[in-house]
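In what follows, a single structure is set out as structure tokens and then discussed.
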Amino acid sequence: MVVEDGVGLLEMRRPPANYFDEQLISQIVGAALELEEDPRCRALVLASEGKHFCAGANFGTGGGFEDRVAVSERLYRRAIQLFEVKTPIIAAVQGAAIGGGLGLACAADFRVVDASTRFVANFSLLGFHHGFGLSVTLPDLVGRRVAADMLMTGRKVGGEEAVHIGLADRLSEPGRQRETALALARSIAAAAPLAVRSIRATLRADLPQRVRAALDHELAEQARLWATRDCAEGIAASLERRSPVFVGE
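Residue numbering for the sequence shown is 3 to 251, as defined by this note's numbering.
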């Protein structure tokens, strides 16, 4: 963590993919809460080391159905704290933000991308329900129709389209997402901090409560679908790099 010019920099350092898991979210939340107590820090930039912002969960690490439910329940309890952080967060999204990585990016106030950035809500292609509050955050950003398109098809959304549909806020020059995000954060940090927090609190007034309710539903649906043949097939196909064959069971 670094604070300079009123901006705190949080960097995920698990290259190249920065896989989404309980440890990653716990570290991000812990660092964000720590920086929130630093009076010098008026805005946060969430960035990543390596090729990707966060390429989703690593299903190749094993773990059975019961483990998956228990881990996700702990992860979501921790995740809600990220939505309660009072400091504005700008995500510098390089490479892929897939699955939970998309959820992490959508938890920020702003997203900075370049043309090569890609967002993927791949849950339906894996055979289970989305999580991390995407039931709330994604429709809030892009509208219900576009959110349904992304979630039901699992298609890739590139950086330019992301800006066009409202999923991203700034399109940087190639490879300059972090610099652009830091510049945006510095402009926020230069404004009156009490006013910024007040405005943000008004705009996000009920967001933590809505996300908390959504997480309960998302986890219940995930637990139900993780036990299906289609989910086992979707995950196996992903690991084997082949097209899944779903049977509706």
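The beta-carbon is built from N, C-alpha and C at its ideal position, and this holds for glycine as well.
Asp69 burial status per 10 Å Cβ neighbour count (16 or more: buried):
With fewer than 16 Cβ atoms within 10 Å of its Cβ, Asp69 is classed as exposed.
Nearest neighbour of His54, chosen from Ala239, Val213, Phe248, Val95 [CA to CA]:
Considering only alpha carbons, the answer is Val95.
Can you list, in chain order, the residues of its chain with a C-beta nearer than 6 Å to that of Leu186? Leave out the 5 residues immediately preceding and following it.
A distance below 6 Å between beta-carbons, with the five flanking residues on each side excluded, links Leu186 to the following residues of its chain, in chain order: Ile92.
Every unbroken alpha helix (DSSP H) within the stretch 32-98, with a cutoff of 4 residues, ordered by chain:
Annotation: the stretch 32-98 contains the following complete segments of the alpha helix (DSSP H) (minimum length 4 residues), in chain order: 67-86.
Measuring only the C-alpha atoms, how far is Asp232 from Leu128?
Looking at the two C-alpha atoms, the distance is approximately 8 Å.
At what residue ranges does the stretch 102-160 contain a whole run of the beta strand (DSSP E), taking only runs of 3 or more?
The stretch 102-160 contains these whole beta strand (DSSP E) runs: 112-115, 120-122, 158-160.
So the candidates are Ala191, Thr182, Phe85, Ile27; which of them puts its Cα closest to the Cα of Arg214?
Closest by alpha carbon: Phe85.
Is Asp7 buried or exposed, if buried means 16 or more other CB atoms sit within 10 Å of its CB?
Asp7 comes out exposed.
Do His131 and Glu223 count as a contact pair if the criterion is CB distance below 7 Å?
With respect to the 7 Å criterion, Glu223 and His131 are classified as neighbours on the basis of their beta carbons.
Going by the CB atoms, is the gap between Gly135 and Leu77 shorter than 7 Å?
Cβ distance not < 7 Å, so Leu77 and Gly135 don't count as in contact.
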